[in-house]
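Novice: Taken in order, the sequence shown gives residues 12 to 639; the numbers are from my numbering. Handing you this structure, nothing more for now.
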Amino acid sequence: MALDPKIASLKAAGTYRFEFDKSQVVSIPANQTRLVVGFSKTGPFNTPVFIPDTAFFKQVYGDIDRNLERKDSYFHRSCLTALERGPILALNLLALDANDKVNAVRFSTASTLDTSQKNAGADYELSKFYNRDKFWFPSTDDFLTNVGANTDALQPTTVNDFLDIVNLGQNPISVIAKKSALTNVLPFQVTVEEWYGAANVPGFLNKDSLISDFFVDIFVIEGNFGGDFGTTTPYSRFNADPTFQKYFDPTQGIKRRKFQSDSTDTLLQEFFNETEVTLQATYTACLIPDFVDLLGNNLFVEKLVNADTASTGLFVTVNEDLFDGDTLIDGVQGGIDMIGHNIEYIQANSIQDDINMLSYSGSIVSDLNYCRTLDTGTVVTNSSSIITKSIPTGSTDIQLQIVNANDPKDALWNAFDSMSANTATVVGTFILSQDGTKYIPVISKQTVGDTITILLSGDGADLADFSTAADASYNYINEADFDFVADEFSPINGTPAGIIGSYGSTLQTQFANGTLTDGDEAVYVLGGIEYTSYLVMNAIEYGWIHTAPTQRVAISDPAYSIPAVRITPYQEDGYINLTPHQEFTLNGAGFFLKSDGSTLAAANCLNVQTLKGALNLTIDILGDSINE
Numbered sequence: 012m013a014l015d016p017k018i019a020s021l022k023a024a025g026t027y028r029f030e031f032d033k034s035q036v037v038s039i040p041a042n043q044t045r046l047v048v049g050f051s052k053t054g055p056f057n058t059p060v061f062i063p064d065t066a067f068f069k070q071v072y073g074d075i076d077r078n079l080e081r082k083d084s085y086f087h088r089s090c091l092t093a094l095e096r097g098p099i100l101a102l103n104l105l106a107l108d109a110n111d112k113v114n115a116v117r118f119s120t121a122s123t124l125d126t127s128q129k130n131a132g133a134d135y136e137l138s139k140f141y142n143r144d145k146f147w148f149p150s151t152d153d154f155l156t157n158v159g160a161n162t163d164a165l166q167p168t169t170v171n172d173f174l175d176i177v178n179l180g181q182n183p184i185s186v187i188a189k190k191s192a193l194t195n196v197l198p199f200q201v202t203v204e205e206w207y208g209a210a211n212v213p214g215f216l217n218k219d220s221l222i223s224d225f226f227v228d229i230f231v232i233e234g235n236f237g238g239d240f241g242t243t244t245p246y247s248r249f250n251a252d253p254t255f256q257k258y259f260d261p262t263q264g265i266k267r268r269k270f271q272s273d274s275t276d277t278l279l280q281e282f283f284n285e286t287e288v289t290l291q292a293t294y295t296a297c298l299i300p301d302f303v304d305l306l307g308n309n310l311f312v313e314k315l316v317n318a319d320t321a322s323t324g325l326f327v328t329v330n331e332d333l334f335d336g337d338t339l340i341d342g343v344q345g346g347i348d349m350i351g352h353n354i355e356y357i358q359a360n361s362i363q364d365d366i367n368m369l370s371y372s373g374s375i376v377s378d379l380n381y382c383r384t385l386d387t388g389t390v391v392t393n394s395s396s397i398i399t400k401s402i403p404t405g406s407t408d409i410q411l412q413i414v415n416a417n418d419p420k421d422a423l424w425n426a427f428d429s430m431s432a433n434t435a436t437v438v439g440t441f442i443l444s445q446d447g448t449k450y451i452p453v454i455s456k457q458t459v460g461d462t463i464t465i466l467l468s469g470d471g472a473d474l475a476d477f478s479t480a481a482d483a484s485y486n487y488i489n490e491a492d493f494d495f496v497a498d499e500f501s502p503i504n505g506t507p508a509g510i511i512g513s514y515g516s517t518l519q520t521q522f523a524n525g526t527l528t529d530g531d532e533a534v535y536v537l538g539g540i541e542y543t544s545y546l547v548m549n550a551i552e553y554g555w556i557h558t559a560p561t562q563r564v565a566i567s568d569p570a571y572s573i574p575a576v577r578i579t580p581y582q583e584d585g586y587i588n589l590t591p592h593q594e595f596t597l598n599g600a601g602f603f604l605k606s607d608g609s610t611l612a613a614a615n616c617l618n619v620q621t622l623k624g625a626l627n628l629t630i631d632i633l634g635d636s637i638n639e
């Protein structure tokens, strides 16, 4: 080990005293700030970041990473050591290619029809969110280009990118975006005309709108509190969590309020106060580009949120080119409408039963209608194909081969070519047995030239279920064909009541997105008597396919049951006594009653009165000033 130079200079034994003056710290001139290059799992990459002190460094890049040091990367330790002498520039390197993607969400900002404009999330190339001309930096223009935003014209039937978000950090975050709470925007409870002056109202705003209508509250939460949207109950993972189960609805996600009568988001605030929840940042920001308050503060959402991207990872963009003054954005379809102008317009012309904007998703009407629908399958007959069947060696499954060298092919060959395989999580094609007693799931399908090879589950099926005749007929149901809504049980005395909505049906879809919830009601009118039922909805794997009002055909292999929702009716809101079959059915002589108490739904149609209330009712305004 090398000796200190002062000690090495001593020539003889003795007692020596050395004095070191450390009262002066050498400062590094600004034009000589050191650059430290390395690798970090967190923080900005491919761009230098000015680091004034160790606290800021740890906030951005984290503390010393032992895992990286085992790989001979001492970036964190080097930076912390260098910071002892003064500020530094830190450069975190990261190599990316086209396979490195990240999910971005293009929020809808208008309460339009779900089929017209709704939140859109997809994976995009991570590198293309950055300006890469020299050192990389997140770019709002590149963000818009990456997600395919239309910057030329407002489109009434698509998301127009008035609030797009992406996580550019290395750690997962959850984001909630909602219309700003009243208490956060009290200074902006004035009209556009009052704020800008009658002569200066921007062309993209309505002079009578409130400035507060363009503010959003954004919450950035550490960790992944999102759902698995490949299932009908995306948030069911929280059901067994002792801390979070009370905050999450299995289908809709996080709950806002303890009681519907609460005027503020009471339950959401409790969630933020949990010790297991880290609220990284909150913003009350405006969607109007470069909006400045009376104190001169720029409250534009891009300015506020993106100033913290280095620490939170959240990066947002707004399609500013559409705020050109020539296009009205306020209160129109595809624009910014967080208070319901479009709902009023749609209700006067057709019907809107739900919304999907910002972090809001759910039903907004009292009556939802689901008519009886049956899946009878598609029948094709062989005319020129050769069919063979066998059980492959060492397998119990059944193999069908359809060969046709003609051009064009016959209907049978084309039908089998359209089929798809069932898996444990994906619905595919089912083929009806020749005796009509069961639907058999396809579990593999390959097309090579003129030959189609289909493998079907052998559980509950055998070779006799399939015909190889020259005029053989096959009945099949493809994944896209499923949409049945039917009574679960035949109307036999003593049988319970219940309605099934299969995979692909509107009933199942609206249960999955939280439009239908436990406690919704249905009123069945039979012989002038009203029977009220309180409904419980459950996601199930259903092993039957309904082909007629009182007939269902079993799926041969239970492993390939299809996702569905079961509606179970009870006679009271305590869910104790089941409703008799004759008082809740799609097959009877009665009709379901709508929430207005007088209108009946169509025959064989279930009408559900939701807990959301009749928000589609309107009140005519007879005057708009105290003089009228």
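Heads up, the beta-carbon is just placed ideally off N, CA and C, and yes, glycines get one too. It should be emphasised that the depicted structure is a prediction, and the values quoted were computed from it without experimental measurement.
Mind pulling the beta strand (DSSP E) runs of 3 or more residues that sit fully within the region 262-302?
Specialist: Entirely contained in the region 262-302, the beta strand (DSSP E) runs reaching 3 residues are, in chain order, 290-297.
Novice: Is Thr579 closer than 8 Å to Val547 when the C-beta atoms are compared?
Specialist: Your numbering for residue 547 matches position 536 in the sequence shown. Your numbering for residue 579 matches position 568 in the sequence shown. It is a contact, given that the beta carbons lie within the stated cut-off.
Novice: List the endpoints of the continuous beta strand (DSSP E) containing Phe602.
Specialist: Numbered from its first residue, the sequence shown carries residue 602 at position 591. Residues 602-604.
Novice: What do you reckon, is the C-beta of Arg81 under 7 Å from a heavy atom of the ligand HEM?
Specialist: As presented, the structure is devoid of all ligands, the ligand HEM included, so that no description of it is given.
Novice: Using CA coordinates, which residue listed in Leu137, Lys145, Met349 is at the minimum distance from Leu155?
Specialist: For the purposes of this step, residue 155 is taken as residue 144 along the sequence shown, with counting starting at 1. Taking only the C-alpha atoms, the option nearest Leu155 is Leu137.
Novice: So, at 7 Å on beta carbons, what are the nonlocal neighbours of Phe602 in its own chain, with the 5 sequence-adjacent residues on each side left out?
Specialist: Here residue 602 refers to the residue found at position 591 of the sequence shown. Correct list, in chain order: Val536, Leu611, Ala612, Ala614.
Novice: Helix, strand or coil: how does DSSP classify Phe86 here?
Specialist: Walking along the sequence shown from the start, residue 86 turns up at place 75. Note: Phe86 maps to helix in three-state DSSP.
Novice: Please state the DSSP three-state secondary structure of Pro452.
Specialist: Position 441 of the sequence shown holds residue 452. Strand at Pro452.
Novice: Can you tell me whether Asp631 is buried or exposed? The criterion is at least 16 other CB atoms within 10 Å of its CB, across all chains shown.
Specialist: For the purposes of this step, residue 631 is taken as residue 620 along the sequence shown, with counting starting at 1. With a pLDDT of 43 at Asp631, under the threshold of 50, the modelled position of that residue is not reliable, and no figure is offered here.
Novice: Quick one: Cα of Val576 to Cα of Thr242, how far?
Specialist: As a position in the sequence shown, residue 576 is number 565, starting the count at 1. As a position in the sequence shown, residue 242 is number 231, starting the count at 1. One C-alpha to the other measures close to 12 Å.
Novice: Could you tell me the distance, in whole angstroms, from the CA atom of Glu205 to the CA atom of Val177?
Specialist: Here residue 205 corresponds to residue number 194 of the sequence shown, with the count starting at 1. Here residue 177 corresponds to residue number 166 of the sequence shown, with the count starting at 1. Roughly 35 Å separates the two Cα atoms.
Novice: Taking Val329 as the reference, which of Leu46, Asp153, Tyr571 has the closest Cα?
Specialist: The residue you call residue 329 lines up with position 318 of the sequence shown. Nearest option by C-alpha distance: Asp153.
Novice: Do Asn489 and Ser431 have their CB atoms nearer than 8 Å?
Specialist: Stepping through the sequence shown from its first residue, residue 489 is reached at position 478. Stepping through the sequence shown from its first residue, residue 431 is reached at position 420. It is a contact, given that the beta carbons lie within the stated cut-off.
Novice: At a cut of 8 Å, does the region 180-195 reach the region 251-262 through at least three beta carbon pairs?
Specialist: No contact exists between the region 180-195 and the region 251-262.
Novice: Quick one: is Glu594 buried, meaning 16 or more other Cβ sit within 10 Å of its Cβ, or exposed?
Specialist: As a working note, residue 594 is residue 583 in the sequence shown. Counting Cβ neighbours within 10 Å, Glu594 comes out buried, since at least 16 surround it.
Novice: Unbroken beta strand (DSSP E) runs of length 3 or more, entirely within the region 62-120: which are they?
Specialist: The region 62-120 contains these whole beta strand (DSSP E) runs: 99-103, 112-117.
Novice: Going straight from the alpha carbon of Ile347 to that of Ile573, what length do you get?
Specialist: Within the sequence shown, residue 347 is the residue found at index 336, counting from 1. Within the sequence shown, residue 573 is the residue found at index 562, counting from 1. Cα to Cα, Ile347 sits roughly 39 Å from Ile573.
Novice: Have a look at Gly554, Gly345, Phe522 and flag the residue whose alpha-carbon is nearest the alpha-carbon of Asn448.
Specialist: Locating residue 448 in the sequence shown gives position 437, counting from the first residue. Residue identity differs from the one stated: residue 448 is Thr in this sequence, not Asn. Closest option to Thr448, Cα to Cα, is Gly554.
Novice: From the DSSP secondary-structure annotation, give me the bridge partner or partners of Leu485.
Specialist: As a position in the sequence shown, residue 485 is number 474, starting the count at 1. Note that residue 485 corresponds to Tyr in the displayed sequence, not to Leu. Bridge partners of Tyr485: Val391.
Novice: Thinking C-beta only, is Ser484 closer than 8 Å to Thr392?
Specialist: Along the sequence shown, read from residue 1 onward, the residue named residue 392 stands at position 381. Along the sequence shown, read from residue 1 onward, the residue named residue 484 stands at position 473. Cβ atoms of Thr392 and Ser484: closer than 8 Å.
Novice: Are the CB atoms of Ser501 and Thr561 within a distance shorter than 8 Å?
Specialist: Counting from one through the sequence shown, the residue named residue 561 turns up at place 550. Counting from one through the sequence shown, the residue named residue 501 turns up at place 490. A contact, by the Cβ cut-off of 8 Å.
Novice: Thr168 and Gly345 look like a contact to me (Cβ under 8 Å); what is the Cβ gap, rounded to whole Å?
Specialist: Along the sequence shown, read from residue 1 onward, the residue named residue 168 stands at position 157. Along the sequence shown, read from residue 1 onward, the residue named residue 345 stands at position 334. At roughly 7 Å, the Cβ-Cβ gap stays under 8 Å, so Thr168 and Gly345 are in contact.
Novice: Rounded to whole angstroms, what is the Cα-Cα separation between Ser429 and Ala422?
Specialist: Locating residue 429 in the sequence shown gives position 418, where the first residue counts as 1. Locating residue 422 in the sequence shown gives position 411, where the first residue counts as 1. If you take the alpha carbons of Ser429 and Ala422, they lie about 11 Å apart.
Novice: Using DSSP with H/G/I as helix, E/B as strand and the rest coil, what is Val534?
Specialist: In the sequence shown, residue 534 corresponds to position 523, counting from 1. Looking at Val534 - three-state DSSP - the assignment turns out to be strand.
Novice: Please confirm whether Val619 and Leu527 have their CB atoms less than 8 Å apart.
Specialist: Locating residue 619 in the sequence shown gives position 608, where the first residue counts as 1. Locating residue 527 in the sequence shown gives position 516, where the first residue counts as 1. Contact flag set, yes.
Novice: Could you tell me whether the Cβ atoms of Gln412 and Pro403 are closer together than 8 Å?
Specialist: Along the sequence shown, one-based indexing puts residue 412 at 401. Along the sequence shown, one-based indexing puts residue 403 at 392. Going by C-beta atoms, Gln412 is not nearer than 8 Å to Pro403.
Novice: State buried or exposed for Asp108, treating a residue as buried only when at least 16 other CB atoms are found within 10 Å of its CB.
Specialist: The count along the sequence shown starts at 1 and reaches residue 108 at position 97. Exposed, by the Cβ-count rule.
Novice: Is the beta carbon of Leu466 closer than 8 Å to that of Ile454?
Specialist: Here residue 454 corresponds to residue number 443 of the sequence shown, with the count starting at 1. Here residue 466 corresponds to residue number 455 of the sequence shown, with the count starting at 1. Going by C-beta atoms, Ile454 is nearer than 8 Å to Leu466.
Novice: With Phe522 as the anchor, note down where its alpha helix (DSSP H) starts and where it stops.
Specialist: Walking along the sequence shown from the start, residue 522 turns up at place 511. Here the alpha helix (DSSP H) through Phe522 covers 517-523.
Novice: If you draw a straight line from the C-alpha of Gly471 to the C-alpha of Ser567, how long is it?
Specialist: Taking the sequence shown and counting its residues from 1, one reaches residue 471 at position 460. Taking the sequence shown and counting its residues from 1, one reaches residue 567 at position 556. Distance between the alpha carbons of Gly471 and Ser567 is about 5 Å.
Novice: Taking the C-alpha atoms as reference points, what is the distance between Gly324 and Gly54?
Specialist: As a first step, residue 324 is located in the sequence shown; it is residue number 313 there, counting from the start. As a first step, residue 54 is located in the sequence shown; it is residue number 43 there, counting from the start. So the two alpha carbons sit approximately 8 Å from each other.
Novice: For Phe148 versus Thr58, is the C-beta distance shorter than 8 Å?
Specialist: Indexing the sequence shown from 1 puts residue 148 at position 137. Indexing the sequence shown from 1 puts residue 58 at position 47. Yes, the Cβ-Cβ distance between Phe148 and Thr58 is below 8 Å.
Novice: Which first and last residues belong to the alpha helix (DSSP H) in which Ser322 is found?
Specialist: As a first step, residue 322 is located in the sequence shown; it is residue number 311 there, counting from the start. 320-323 is the extent of the alpha helix (DSSP H) around Ser322.
Novice: Could you check what DSSP says for Gln412 in three-state terms: helix, strand or coil?
Specialist: The sequence position of residue 412 within the sequence shown is 401, counting from 1. Three-state DSSP puts Gln412 in a strand.
Novice: Given a cut-off of 8 Å on the beta-carbon distance, is the pair Thr7 and Leu165 in contact?
Specialist: Any property of residue 7 remains undetermined from this structure, which presents the chain solely from 12 to 639.
Novice: Measuring alpha carbon to alpha carbon, tell me which residue in Gln582, His557, Phe477 is nearest Tyr545.
Specialist: Residue 545 sits at position 534 when you count from the first residue of the sequence shown. Out of Gln582, His557, Phe477, Gln582 has the C-alpha closest to the C-alpha of Tyr545.
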